[in-house]
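A.B. asks:
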Amino acid sequence: DAKTTQPNSMESNEEEPVHLPCNHSTISGTDYIHWYRQLPSQGPEYVIHGLTSNVNNRMASLAIAEDRKSSTLILHRATLRDAAVYYCILRDDQGGSEKLVFGKGTKLTVNP
Amino acid sequence: DTGVSQNPRHKITKRGQNVTFRCDPISEHNRLYWYRQTLGQGPEFLTYFQNEAQLEKSRLLSDRFSAERPKGSFSTLEIQRTEQGDSAMYLCASSLRPTRSLSGNTIYFGEGSWLTVV
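Protein chains in written order, with the numbering used here: chain A, 26 to 137; chain B, 693 to 810.
#1: With 8 angstroms as the threshold, decide whether the Cβ of Leu-724 (chain B) is near any Cβ in chain A.
#2: Return the CA-CA distance between Val-810 (chain B) and Asn-79 (chain A), expressed in angstroms with no decimal places.
#3: When the Cα atoms are used, what is the spatial distance from Thr-774 (chain B) to Lys-706 (chain B)?
#4: Counting only the same chain and skipping the five closest in sequence on each side, list residues whose C-beta sits under 8 angstroms from that of Ser-86 (chain A).
#5: DSSP three-state label for Leu-738 (chain B), please.
#6: So for Arg-761 (chain B), helix, strand or coil by DSSP?
#7: Report yes if the C-beta distance between Trp-806 (chain B) and His-721 (chain B) is below 8 angstroms; otherwise report no.
#8: Roughly how many whole angstroms lie between the Cα atoms of Tyr-68 (chain A) and Arg-761 (chain B)?
#9: Exposed or buried, what is Ser-53 (chain A) when buried is set at 16 or more other beta-carbons lying within 10 Å of its beta-carbon?
#10: Cβ atoms of Ser-95 (chain A) and Asn-48 (chain A): under 8 angstroms apart, would you say?
#11: Mind checking Gln-733 (chain B): buried by the 16 CB within 10 Å criterion, or exposed?
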């Protein structure tokens, strides 16, 4: 499984934008970039995913570099409820089990 | 609430006892996954079912672990002769098998079952 590199932790202030980086230099052509987050004492939840183009949804935006070797999850206005561990995951969505392979993620702290 | 239900949510057991966890996935989902998570680590994949067939097992799934999904709906994960190293959160997740027109299916996780072996 292709690997990703994320900072161990990041800090933000409430109502400010947050940019969470992810490096994935060994990404293959069929790998989608998925982001999940895990709030304390809960299971992971889906945030967003993309292949080549930037993506937006109600939770966040995903900016993907042109060479696809890195991406950035953008939370436009952080709230205290966004404090969580954010996982950047590469997944081959062309077949197989489509299981998610998690790393350690980035622990986001949001200050009031 | 994602719709994936896990029971029990917490279990404390003595070393050497057997424990069983149950997962009820989202009703129309044909894929079901089990993960294990220890403190400070990301979830680790254990096994995956498509309908009732167990199609992939991680090497983490030792002989003491067995998972079933008898009718392609709910699933159970049994741990026999528990050891202290089995203490973890066990996560269940489900999704739809992708079709030609639907790829990148979202995987939905339950809230997990916490196991403490004393």
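Here a beta-carbon is modelled for each residue, glycine too, at the ideal position from N, C-alpha and C.
Because the structure is a prediction, the values reported are computed rather than measured.
C.D. replies: With the structure as the only source:
#1: Your numbering for residue 724 (chain B) matches position 32 in the second sequence. Judged by the 8 angstroms Cβ criterion, Leu-724 (chain B) is not in contact with chain A.
#2: Walking along the second sequence from the start, residue 810 (chain B) turns up at place 118. Walking along the first sequence from the start, residue 79 (chain A) turns up at place 54. The alpha-carbon atoms of Val-810 (chain B) and Asn-79 (chain A) are separated by roughly 48 angstroms.
#3: Counting from one through the second sequence, the residue named residue 774 (chain B) turns up at place 82. Counting from one through the second sequence, the residue named residue 706 (chain B) turns up at place 14. Cα to Cα, Thr-774 (chain B) sits roughly 8 angstroms from Lys-706 (chain B).
#4: Numbered from 1 along the first sequence, position 61 holds the residue referred to as residue 86 (chain A). Around Ser-86 (chain A): Ile-73, Asn-79, Val-80, Leu-98, Ile-99, His-101.
#5: Residue numbering aside, residue 738 (chain B) sits at position 46 when the second sequence is read from its first letter. Strand.
#6: As a working mapping, residue 761 (chain B) is identified with position 69 in the second sequence. In the structure shown, Arg-761 (chain B) sits in coil (DSSP, three-state: anything other than H, G, I, E or B).
#7: Mapped onto the second sequence, residue 806 (chain B) falls at position 114. Mapped onto the second sequence, residue 721 (chain B) falls at position 29. No, Cβ-Cβ distance for Trp-806 (chain B) and His-721 (chain B) is not below 8 angstroms.
#8: The residue you call residue 68 (chain A) lines up with position 43 of the first sequence. The residue you call residue 761 (chain B) lines up with position 69 of the second sequence. The sequence shown places Gly at residue 68 (chain A), rather than the Tyr named in the question. Rounded to the nearest angstrom, the two C-alpha atoms are 21 angstroms apart.
#9: Taking the first sequence and counting its residues from 1, the one referred to as residue 53 (chain A) is at position 28. Its Cβ having fewer than 16 others within 10 Å, Ser-53 (chain A) is exposed.
#10: Numbered from 1 along the first sequence, position 23 holds the residue referred to as residue 48 (chain A). Numbered from 1 along the first sequence, position 70 holds the residue referred to as residue 95 (chain A). Yes.
#11: As a position in the second sequence, residue 733 (chain B) is number 41, starting the count at 1. Gln-733 (chain B) should be labelled exposed.
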